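Below: the structure, in structure tokens.
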Amino acid sequence: MDELLSLEVLTDIQLAEVCSEETVFERNDTVLDLLESEDQCEQFIVALQQTDQQHVVNYLSQHGGQEHRNLQSFQYCWLSNKSDE
2 MDELLSLEVL TDIQLAEVCS EETVFERNDT VLDLLESEDQ CEQFIVALQQ
52 TDQQHVVNYL SQHGGQEHRN LQSFQYCWLS NKSDE
């Protein structure tokens, strides 16, 4: 969570909202709900990589979890940005 704050993926208020969730699943959903811009999505990927979570990056970039509404919007945001490169 510190990476998300230091990379400005989330604000202090948003981080508090995430941390207030009871389960890991709810926290994950909340993080994904809060990703609204391409910059946030890109920085989220950086945070995952910096915390040795490349497997999550791989999952997201391979359209993992397409049935999950939060992942669908994240993938659109992140993959749209990647296609512009």
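Just remember that our numbering sits 1 ahead of the position in the sequence shown, which is counted from 1. Glycine included, C-beta positions come from ideal geometry on N, C-alpha and C. Since we're looking at a predicted model, the values are computed, not measured.
Per-residue burial, residue i [other beta carbons within 10 Å of its own, 16 or more giving buried]
i, result
"E68", "With a pLDDT of 46 at E68, under the threshold of 50, the modelled position of that residue is not reliable, and no figure is offered here."
"A17", "exposed"
"E14", "In the sequence as displayed, the identity of residue 14 is Ile instead of Glu. Classification of I14: exposed, given that the 10 Å Cβ count is below 16."
"C42", "buried"
"F45", "buried"
"V10", "buried"
"V32", "buried"
Reduced DSSP secondary structure (H/G/I, E/B, other) of residue i
i, result
"E4", "helix"
"L11", "coil"
"E18", "helix"
Residue i versus residue j: straight-line alpha-carbon distance, rounded
i, j, result
"N29", "L35", "10 Å"
"Q63", "Q55", "12 Å"
"Y60", "E4", "20 Å"
**Item:** Completely contained alpha helix (DSSP H) runs for the region 28-67, where each covers 4 or more residues
**Value:** 39-51, 55-62
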